[in-house]
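Take a look at the structure set out below.
Right, dumping it as structure tokens:
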């Protein structure tokens, strides 16, 4: 990695480290520590999604017109203010507003970081750059959550204020790092920066909607995030507690298993992914997640011992983690490779918007089903996972060979270049 990309990755992992301090404890903080109840805690969680849906449609144009660095700095400052305000808020309105500010800032940071990686990495290094970011972010979240769990005490509100203050400081560190980044004058940068401000926003949304491969990828992305991330802390957790008799502490172990698989397997999986078609990799993730839902079905509906149910439920999260490790070097680079010159930010923002929509709809659908309709819940999301496989194979037909399997394009360039010419003897 170049110096600029190294700085970006360091800022990204530090911000994830800060987020890890607060995310596992947000519900407890609002509902119990501030005494605002479960309904307000639900509104606060929804405020994150709503804020993201409001700001992301405008983010892409800003990224392509102003560049990702100033957008990232501004978003990090906003997120820092929101985190600090949330840690100090006591009333219902103050907590909801602070959560919305924090949600807006963190939502903009995602496509800004993705666009920066595209600017700093060419097609040869982009896959590894995104895989590294995903690995580091999960590592940061896990370590942050682990340390935060040792600090937090629901009987001491000041301990939660400390957690949110640490998160706010980490966002400030990200802003400071981004402000010092000097972008390299690389081929990747010249291919992504818009030639002028007008070209950055001209008919951007219409052009994106006419791009059938990108539209299909967005549909596929919605199903991916709806069937996995949208269920982690809602439907699947409710199903585990109600159907499989899983305790709250076991839920924490399952989430830790998910993170551990990502951290351990990421770079081993990367070697497998780099040499294969992206559409086939995504299709195989659909099959893997269908297996995960089948294992979850056994955990809650198999009538085995509690120990077997617990092992199956933890294995479900581990299988999801393996699929996530396969997707991290696949989805984001594919979005970048589909984006025309001057529209990388808009494509990244559109895909982030699709993700947020899935994360908003997923808990609303999966939560009630996972708590009460156990067998229909498993069958529904098993079918959604198989749908991922079908959609991925259909997408593969619309991708150019270099987009679907960049390693083939690189090999073809090397082959066309041939071996160096033999030197001509001086006496010839």
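In the numbering used here, the protein residues as written are 408 to 835.
Glycine included, each C-beta is placed from N, C-alpha and C at the ideal position.
Through-space distance from residue 716 to residue 420, alpha-carbon basis: 34 Å
Buried or exposed: which applies to residue 500, given that a residue is buried once 16 or more other Cβ atoms fall within 10 Å of its Cβ? exposed
Alpha-carbon to alpha-carbon, residue 746 and residue 600: Caution is warranted here: a pLDDT of 45 is assigned to residue 600, below 50, making its placement in the model unreliable, and no coordinate value can be reported.
Please determine, among 806, 739, 769, the residue with the shortest C-alpha to C-alpha distance to residue 526. 739
How big is the Cα-Cα spacing for residue 724 and residue 661? 6 Å
Suppose contacts are defined by Cβ-Cβ distances below 8 Å. Is residue 755 in contact with residue 467 by that definition? yes
Tell whether a beta-carbon distance below 8 Å holds between residue 690 and residue 702. no
Looking at C-alpha atoms only, which residue of 512, 670, 465, 785 is the closest neighbour of residue 479? 512
Cβ distance (whole Å) where residue 538 is taken to contact residue 416 below 8 Å: Rounded, the Cβ-Cβ distance is 11 Å, inconsistent with contact.
To the nearest angstrom, how far is the alpha carbon of residue 597 from that of residue 650? Below a pLDDT of 50, predicted positions are generally treated as unreliable, and residue 597, at 44, falls in that range; the measurement from the model is reported next regardless. When rounded, the distance between both Cα atoms is 54 Å.
Counting only runs of 4+ residues fully inside the region 712-777, write out the alpha helix (DSSP H) ranges in chain order. 713-734, 738-745
To the nearest angstrom, how far is the alpha carbon of residue 428 from that of residue 732? 23 Å
Just tell me which of 751, 461, 508 has its CA closest to the CA of residue 621. 751
Top-ranked residue by Cα proximity to residue 435, from 515, 563, 780: 563
Need the endpoints of the alpha helix (DSSP H) that residue 417 sits in, please. 410-427
Three or more C-beta pairs closer than 8 Å, one from the region 787-803 and one from the region 691-699: is that the case here? yes
Out of curiosity, what's the CA-to-CA distance linking residue 762 and residue 629? 6 Å
Using only alpha-carbon positions, find the residue among 569, 565, 782, 561 that is nearest to residue 551. 569
Short check: CB of residue 686 to CB of residue 498, under 8 Å? no
Which residues mark the beginning and the end of the alpha helix (DSSP H) in which residue 535 is found? 533-558
Proximity to residue 642 [Cα-Cα], best of 426, 783, 517: 783
Using only the alpha-carbon positions, how far apart do residue 544 and residue 668 sit? 14 Å
So, with DSSP's three-state summary, where would you put residue 467? helix
Below 8 Å on the Cβ atoms is my guess for residue 414 versus residue 558; work out the distance and round it to an integer in Å. So it is not a contact: roughly 28 Å between Cβ atoms.
Given a cut-off of 8 Å, decide if residue 812 and residue 678 are closer than it, judged by their beta-carbon atoms. no
From residue 517 to residue 530, what does the alpha carbon distance come to, in whole angstroms? 20 Å
Range covered by the alpha helix (DSSP H) that runs through residue 641: Counting along the chain, residue 641 falls outside any alpha helix (DSSP H), and DSSP gives it neither H nor E.
Exposed or buried, residue 659, counting other C-beta atoms within 10 Å across all chains shown (16 or more means buried)? exposed
Would you say residue 708 and residue 588 are within 8 Å of each other, going by their C-beta atoms? no
Three-way DSSP call (helix, strand, coil) for residue 602 in this model: In this prediction, residue 602 has a pLDDT of 43, which is less than 50 and means its spatial position is unreliable; nothing more can be read from the coordinates.
So which of 614, 451, 634, 510 has the shortest CA-CA distance to residue 753? 614
Under three-state DSSP, which class holds residue 500? helix
Drop a sphere of 10 angstroms on the beta-carbon of residue 441, count the other beta-carbons inside from all chains shown, and report buried for 16 or more, exposed for fewer. buried
Using a Cβ-Cβ cutoff of less than 6 Å, which residues in the same chain neighbour residue 625 once the five nearest sequence positions on both sides are dropped? 761
Taking all protein chains shown into account, decide if residue 472 is buried (16 or more other Cβ within 10 angstroms of its Cβ) or exposed. buried
By DSSP, does residue 805 sit in helix, in strand, or in coil? coil
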